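Undergrad: Heads up: the sequence shown begins at 1339 in this note's numbering, then just goes up one per residue.
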Amino acid sequence: MNFRLLTLSTVICTGFGFAFADDALLSGTPFGSQSVDYSTGLPTTSVNTPAEAFDGDLSTCFASYDRSRTYVGLDLGEPHVITRVGWSPRNDYYGPGRVVLGVFQGANSPDFMDAVPLYIITEAGVIGTMHHANVDCSRGFRYVRYVGPADARCNIAELEFYGHPGAGDDSHLYQFTNIPTVVINTKDAQEPFDKETNIDSNIIILNDNTVDIEAIATTRERGNASRQFPKKPWRIKFDKKQNVLGSPAKAKKWCLINNYGDKTLMRNAIAFEVSRRMQMPYTPFLRMVDVVMNGEYKGTYQLTDQVELNDGRIEGKEMSDKDIEGDALTGAYHLEIDGYADQETSWFMSRRGIPVTIKSPDEDEILPVQHDYIEKAFNSMESSAFGGFFTNEKRGYRNYVDTYTWQRHMLIEEIVANPDQLWSIHLVKPRGDEHIAVASVWDFDIALDNDIRHVDSGHYPGYLWTVSTSAGTVRDLYYRFFIDDPSGVEEVKALWTNAREEYGITPESIQEYIDSVADNIRESQRLNFMRWPILDRMVHNNWQALGSWEAEVNYVRDFIEARINTLDKVIGYDPSSVSAITVATGGKVCVVNGSIVTEGFAQGTRYSVYDLSGKTVAEGECGEVSAKLAPGLYIVKAGNTNIKISVK
Ligand code: CA
1339 MNFRLLTLST VICTGFGFAF ADDALLSGTP FGSQSVDYST GLPTTSVNTP AEAFDGDLST
1399 CFASYDRSRT YVGLDLGEPH VITRVGWSPR NDYYGPGRVV LGVFQGANSP DFMDAVPLYI
1459 ITEAGVIGTM HHANVDCSRG FRYVRYVGPA DARCNIAELE FYGHPGAGDD SHLYQFTNIP
1519 TVVINTKDAQ EPFDKETNID SNIIILNDNT VDIEAIATTR ERGNASRQFP KKPWRIKFDK
1579 KQNVLGSPAK AKKWCLINNY GDKTLMRNAI AFEVSRRMQM PYTPFLRMVD VVMNGEYKGT
1639 YQLTDQVELN DGRIEGKEMS DKDIEGDALT GAYHLEIDGY ADQETSWFMS RRGIPVTIKS
1699 PDEDEILPVQ HDYIEKAFNS MESSAFGGFF TNEKRGYRNY VDTYTWQRHM LIEEIVANPD
1759 QLWSIHLVKP RGDEHIAVAS VWDFDIALDN DIRHVDSGHY PGYLWTVSTS AGTVRDLYYR
1819 FFIDDPSGVE EVKALWTNAR EEYGITPESI QEYIDSVADN IRESQRLNFM RWPILDRMVH
1879 NNWQALGSWE AEVNYVRDFI EARINTLDKV IGYDPSSVSA ITVATGGKVC VVNGSIVTEG
1939 FAQGTRYSVY DLSGKTVAEG ECGEVSAKLA PGLYIVKAGN TNIKISVK
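1. Could you work out which residue in 1719, 1797, 1801 and 1783 is closest to residue 1596 when comparing CA atoms only?
2. What does a CB cutoff of less than 7 Å around residue 1388 pick up in its chain, not counting 5 residues either side in sequence?
3. My understanding is that residue 1602 touches residue 1613, with C-beta atoms under 8 Å, so please give their C-beta distance in whole angstroms.
4. Which word fits residue 1357, buried or exposed, when buried means at least 16 other C-beta atoms lie within 10 angstroms of its C-beta?
5. Which two residues bound the contiguous alpha helix (DSSP H) that contains residue 1876?
6. So what's residue 1644 in DSSP terms, helix, strand or just coil?
7. If you check the beta carbons only, do residue 1362 and residue 1426 fall under 8 Å apart?
8. Looking at the structure shown, is residue 1848 part of a helix, part of a strand, or coil, going by DSSP?
9. Give, in chain order, every unbroken run of the beta strand (DSSP E) that is at least 3 residues long and sits entirely within the region 1440-1511.
10. How far does the beta strand (DSSP E) with residue 1549 in it reach, from first residue to last?
11. Quick one: does the C-beta of residue 1399 sit closer than 7 Å to a heavy atom of ligand 1?
12. Please name the residue, chosen from 1715, 1885, 1898 and 1778, that lies closest to residue 1795 on a Cα-to-Cα basis.
13. Does residue 1674 come out as helix, strand or coil in the three-state DSSP assignment?
14. Starting from residue 1743, trace the alpha helix (DSSP H) in both directions and tell me its first and last residue.
15. In whole angstroms, give me the CA-to-CA distance for residue 1448 and residue 1484.
16. Can you give me the start and stop residues for the beta strand (DSSP E) that residue 1984 sits inside?
17. Taking the alpha-carbon positions, what's the residue 1701 to residue 1738 distance?
18. Go through its chain and collect everything with a Cβ distance to residue 1728's Cβ below 6 Å, but skip five positions before and after it.
19. For a quick check, are the C-beta atoms of residue 1646 and residue 1591 less than 8 Å apart?
20. Do residue 1571 and residue 1512 have their C-beta atoms within less than 8 Å of each other?
21. Report whether the distance from the Cβ of residue 1396 to the nearest heavy atom of ligand 1 is below 7 Å.
22. Say the cut is 7 Å; is the CB of residue 1393 nearer than that to a heavy atom of ligand 3?
23. Please list the segments of the beta strand (DSSP E) lying wholly inside the region 1587-1612, counting only runs of 3 or more residues, in order along the chain.
24. Restricting to Cα atoms, I'd like to know which of 1973, 1941, 1900 and 1867 is closest to residue 1960.
25. Which partner residues of residue 1370 appear in the DSSP bridge assignment?
26. Any heavy atom of ligand 1 within a distance shorter than 7 Å of the CB on residue 1498?
27. By DSSP, does residue 1362 sit in helix, in strand, or in coil?
28. Which residues bound the beta strand (DSSP E) around residue 1972?
29. Which residues in the same chain as residue 1816 place their Cβ atom closer than 6 Å to its Cβ, once the five residues preceding and following it in sequence are excluded?
30. Return the Cβ separation of residue 1417 and residue 1386 in integer angstroms, given the expectation that the two are a contact with Cβ distance under 8 Å.
31. Just tell me which of 1372, 1634, 1519 and 1762 has its CA closest to the CA of residue 1450.
32. Whose C-alpha, out of 1697, 1878 and 1970, is nearest the C-alpha of residue 1763?
33. CB of residue 1589 to nearest heavy atom of ligand 1: below 7 Å?
34. Is the beta carbon of residue 1495 within less than 7 Å of some heavy atom of ligand 1?
35. If you reduce the DSSP assignment to three classes, tell me which class residue 1779 lands in.
36. Could you tell me which whole alpha helix (DSSP H) segments of length 4 or greater appear in the region 1809-1867?
Here you go:
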């Protein structure tokens, strides 16, 4: 837009916001999906036609024959920058609700493979009235249309597009909410329908109102249990490797996780954050996004790494058919201990009954010599743990097991109380190294007390893995590592101490993270639960339905605190004896057995302890031990520093 237009518009807009000089009502050739004749219920070309959405008559309407992904629009003849849209719902009882989540789109290809959204309607309409919304999109389009919401006929009494001729530019594109919008347009608007058929797609990812990626890809369904829900999870594969939304990995394959049974929409995000804090070598990249497919709004999704060997993902080079002997044969292999292994093509059952899927080398590329090698390597690892049952011999497992990642993985899964933790474990066997490591966390939709089989798992007075589901006999392996081996037990305890004191595994800090995710997706979740109104009923493994997204998030906030406190007891860690809060001025204020202890302040520095109403409850000199405090939250002022402490 040049300066002259900008100035002119500013002047004319004053007070009205829509009397744009270059905001003319546009005309063109109407087009749309097959119409329906309501009197017969049959397809027609004579009534409820696309032209009736542009005839200026609020009593006539366009009505589609099919019930999803149906649309009506205009061919403007040449590109136009759209500044405003108008609509009026079908003029009867059904009309007002039938515009909610309707999406306006613009495209320059008549098949809409390059379409981007212009606006989404989020309120019911009023019949007999035109509604208008400004459009914030600088790209010009020849074709514009309105796509009706899913599972209903596209009904609209009247549509208006305003704007001015021009190709425009990409300086500012529309997003549904503050989080990125992922636009998927598939060939012939065919939705992915299984895990085998890759549908040709164009994918456009919008972030900060600009194009992050616009690329050719394929889309298919992914997942196991999660694929049974009406909100589907997808795997997308770009034709070339891409960095996505600032991801560390440049890769072709990405996942769009639906988080349908997880009404907080953030259980994976929380667990991945715990994994990062626990310093796993790799944690999958994750961004929350809105998804629109062929003009149909699909909900809040989690765009995340495909867990695979790749730079920026699981470390290790994918093997080829040349890697058949010597060092080359030893890795890298990507494995998964997998309760669903028997549904896979490339898998084995270990000697002691653990089902293992071989993820890499790929099932249609792996050579028998590679399969044999990794199966033997896994069995060696397994027997090193089991062998010499009642002797110290079992500690031989340290030659085959990467305890750094196995111990961290166990604690991560316990912190978020994941009942699936022994159902699926991603492993990597690196090249030239006998140690099999845990490669990545994944899949926490039933964690954080979202599984009817393990209600109140936060207070389960032990490790949840001892009672949760298990892929074959992997639980026996865990007993060897974390119960039977005294050094293993000690190492886990030391790791837990580090986690609590150094890695940010505290209720307060994780709750802060939860709050930040909640702020980020607050707008998006509103749309999501309009599309999927399930907040008042139980889906998947839910044992409760709290009625609102906020209540679900609050439940998880409280749960994480309960679980960390329980694990303190399980592992034998006393937070009151050692918990310390370091303050900026070089001193430390601790709570020791309910009393305030200060360290590192200059001799003679006074401290005061206030309750949250501001009342002084204790005073003293740094270095002295204070009187006991009742459990609660307090503010300690020491020197020039104020800090909040919690006495348990
Ligand atoms: Ca009309």
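We put the beta carbon where it would ideally sit given N, CA and C, even for glycine. Source: prediction; values computed, not measured.
TA: Reading off the structure:
1. 1783
2. 1368, 1369, 1370, 1400 and 1410
3. That belief does not hold up - the Cβ atoms of residue 1602 and residue 1613 are roughly 17 Å apart, past 8 Å.
4. With a pLDDT of 46 at residue 1357, under the threshold of 50, the predicted position of this residue should be treated as unreliable, though the coordinate-derived value follows. When all chains shown are included, residue 1357 counts as exposed.
5. It is not in any alpha helix (DSSP H) - residue 1876 carries neither H nor E in the DSSP assignment.
6. coil
7. no
8. helix
9. 1441-1445, 1454-1458, 1469-1472, 1478-1485 and 1496-1503
10. 1548-1559
11. yes
12. 1898
13. strand
14. 1741-1753
15. 14 Å
16. 1979-1985
17. 25 Å
18. The pLDDT assigned to residue 1728 is 47, lower than 50, so where the model puts this residue is not dependable, and the model offers no usable value.
19. yes
20. no
21. yes
22. Ligands in the displayed structure: ligand 1; ligand 3 is not one of them.
23. 1588-1595
24. 1941
25. 1410
26. no
27. strand
28. 1970-1976
29. 1803
30. Actually they do not touch by this definition, with Cβ atoms about 29 Å apart.
31. 1634
32. 1697
33. no
34. yes
35. coil
36. 1812-1817 and 1824-1839
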